[in-house]
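Just so it is clear: in the sequence shown, position 163 is 157 by our numbering, and no numbers are missing.
Worksheet for the structure shown next.
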Amino acid sequence: MPAPQPAHDLGQFFCELPFSYAEIHRTGQVYLCCPGYSGRRAIGNVFKDAPDAIWNSYRAQRIRAGIHDGSFRLCDHRKCPAIAGRSLTPRAAARASAEFGPAVRACAVVLPKGPSTVKLCHDESCNLSCPSCRRGLIVADKARQAQLDRMLNEFILPFLADTRLLVLSGDGDPFASKHYRDVLKATGRDRPQLRIGLHTNGVLCDERAWDDCLLDDRVDTVEVSIDAADPLTYALVRRGGDFARLRRNLAFLARQRRAGRIKGLQLSFVVQAANFREMPAFVALGKELGVDRIRFALIRHWWRGFSLGEYPQARIWSGRHPQFREFLAVLRDPLLLDPVVWPGDVASYLAEARGAPPVRAAAPPGVIERVATWIGR
-5 MPAPQPAHDL GQFFCELPFS YAEIHRTGQV YLCCPGYSGR RAIGNVFKDA PDAIWNSYRA
55 QRIRAGIHDG SFRLCDHRKC PAIAGRSLTP RAAARASAEF GPAVRACAVV LPKGPSTVKL
115 CHDESCNLSC PSCRRGLIVA DKARQAQLDR MLNEFILPFL ADTRLLVLSG DGDPFASKHY
175 RDVLKATGRD RPQLRIGLHT NGVLCDERAW DDCLLDDRVD TVEVSIDAAD PLTYALVRRG
235 GDFARLRRNL AFLARQRRAG RIKGLQLSFV VQAANFREMP AFVALGKELG VDRIRFALIR
295 HWWRGFSLGE YPQARIWSGR HPQFREFLAV LRDPLLLDPV VWPGDVASYL AEARGAPPVR
355 AAAPPGVIER VATWIGR
């Protein structure tokens, strides 16, 4: 079934991701953007196909052709925030750019170079078992580790031949995963010019791990997902974490940022019933640390943590939630209007809390906004 057409003409717009970006998921599937925004249309599988064959596969070519003809026919027009939010790049600007201009002018669907940005989402290993994400601790066993080791040498490293920015991780934690640590070490030795974007829970991200993974002078941005400002709440939403250790590591990262050793430091907070009252305190924490951005995102069902019965209780942003009015009251705090705050899909509720009519986002901001904004495309 074709994606539903948006209310505005996409012929005047361009999406860079299918021409520059790829992410790899647990089963080996490779996508040209977040799977939720592309109808889960993979362009290949790392366990079956060669890197070059995946990047210019038939599916990849069809996705790019849909961008060129303005139909965006293999994109989900309702869920993609860049389409629904009308934040796509004007086609004229893409045509004039040095990076994408040749492909736009030639309507190229086969690309001579691989992705300039790659995000790794294929190892679930993590030191935490957050209730919203998973039922228990997930760590790669011996068989899975052997598969990941083979994946590293046979696919990951070759696939990064033209990559300028490597982002990890979209699942698990880069410092809890032996595989992700191996990726960081291997690229640190062989590709020191490759820039790194880190998404971590921060508990294991200390100076020792930084040195062990050869991260000096390689990291562009660090996003730390915390979801709390108080140790007691943190213990609930970040099961297995150590708030005191996290605070020490945040201080280390803040020093790295002040010294210019990383270009951007972001704190993230998934808003849910267990923590919504701490949103203003979380902003205060970020400002105390001098971070570049504080990102809020509404809790969503990721089908691996909350049960179907638990999720409605966590979904504080539902108008039917018994604490919804209290949620709006918290959003009236002036700290949440600070320029450092990126409200994402909370923005509509911030407006509603101040008397504006509610206008809901079609989908939460995700990898498209994070990558495009941090890289400065």
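The beta carbon of each residue, even a glycine, is placed where N, CA and C say it ideally should be.
Test item: CB-CB of L230 and A268 under 7 Å: As a position in the sequence shown, residue 230 is number 236, starting the count at 1. As a position in the sequence shown, residue 268 is number 274, starting the count at 1. Cβ distance < 7 Å, so L230 and A268 count as in contact.
E17 versus L292 - alpha carbon distance: For the purposes of this step, residue 17 is taken as the residue at position 23 of the sequence shown. For the purposes of this step, residue 292 is taken as the residue at position 298 of the sequence shown. If you take the alpha carbons of E17 and L292, they lie about 23 Å apart.
Beta strand (DSSP E) runs wholly inside the region 267 to 340, at least 3 long, in chain order: 287 to 292
Cα-Cα separation, L154 to A323: Taking the first residue of the sequence shown as 1, we reach residue 154 at position 160. Taking the first residue of the sequence shown as 1, we reach residue 323 at position 329. If I take the Cα positions, the gap works out to 47 Å.
Sequence-distant residues of its chain with Cβ nearer than 6 Å to H19 (five each side left out): Stepping through the sequence shown from its first residue, residue 19 is reached at position 25. Excluding sequence neighbours, H19 sits near C115 and H116.
Meets three-Cβ-pair contact criterion under 8 Å: the region 183 to 193 and the region 119 to 132: no
7 Å Cβ shell around F270 - same chain, five flanking residues per side excluded: For the purposes of this step, residue 270 is taken as the residue at position 276 of the sequence shown. The residues are I310, F321 and V324.
Cut-off 8 Å between Cβ atoms - residues of its own chain near A134, not counting five sequence neighbours on either side: By 1-based counting over the sequence shown, the position of residue 134 is 140. Cβ neighbours of A134 beyond the five flanking positions: D117, E118, S119, L142, S171, K172 and H173.
Buried versus exposed, by CB contacts within 10 Å (16 or more), C101: The count along the sequence shown starts at 1 and reaches residue 101 at position 107. So C101 counts as exposed.
G372, enclosing beta strand (DSSP E) - first and last residue: The first residue shown for the chain is -5 and the last is 371, placing residue 372 beyond what the model contains.
Cut-off 7 Å between Cβ atoms - residues of its own chain near M145, not counting five sequence neighbours on either side: Translated into the one-based positions of the sequence shown, residue 145 becomes position 151. Closer than 7 Å at Cβ, skipping near neighbours: V40.
As assigned by DSSP and simplified to three states, the class of H19: As a first step, residue 19 must be located in the sequence shown, where it is residue number 25. Strand at H19.
Host alpha helix (DSSP H) of D165 (start-end): Along the sequence shown, read from residue 1 onward, the residue named residue 165 stands at position 171. No alpha helix (DSSP H) holds D165; DSSP gives it neither H nor E.
Under the three-state DSSP convention, the category N396 falls into: There is no way to answer for residue 396, as the model of the chain reaches only from -5 to 371.
Continuous alpha helix (DSSP H) stretch holding C227: start and end: As a first step, residue 227 is located in the sequence shown; it is residue number 233 there, counting from the start. The displayed chain sequence assigns Thr, not Cys, to residue 227. Its alpha helix (DSSP H) spans residues P225 to V231.
Closest Cα partner of D176 within the set W204, V197, L68 and L244: Taking the first residue of the sequence shown as position 1, residue 176 is located at position 182. Comparing Cα positions, the closest option is W204.
Integer Cβ distance of D165 from G108, believed to fall under 8 Å: Working through the sequence shown from its first residue, we reach residue 165 at position 171. Working through the sequence shown from its first residue, we reach residue 108 at position 114. Their Cβ separation, rounded to whole angstroms, is 22 Å, which puts D165 and G108 out of contact at 8 Å.
Unbroken alpha helix (DSSP H) run spanning E415, endpoints: Nothing about residue 415 can be read from this structure; the chain reaches only from -5 to 371.
Under 7 Å between C-beta atoms of N243 and C199: For this step, residue 243 is matched to residue 249 along the sequence shown. For this step, residue 199 is matched to residue 205 along the sequence shown. Yes, these two residues count as a Cβ contact at 7 Å.
Buried/exposed call for G95, threshold 16 Cβ in 10 Å: The count along the sequence shown starts at 1 and reaches residue 95 at position 101. Under this definition G95 is an exposed residue.
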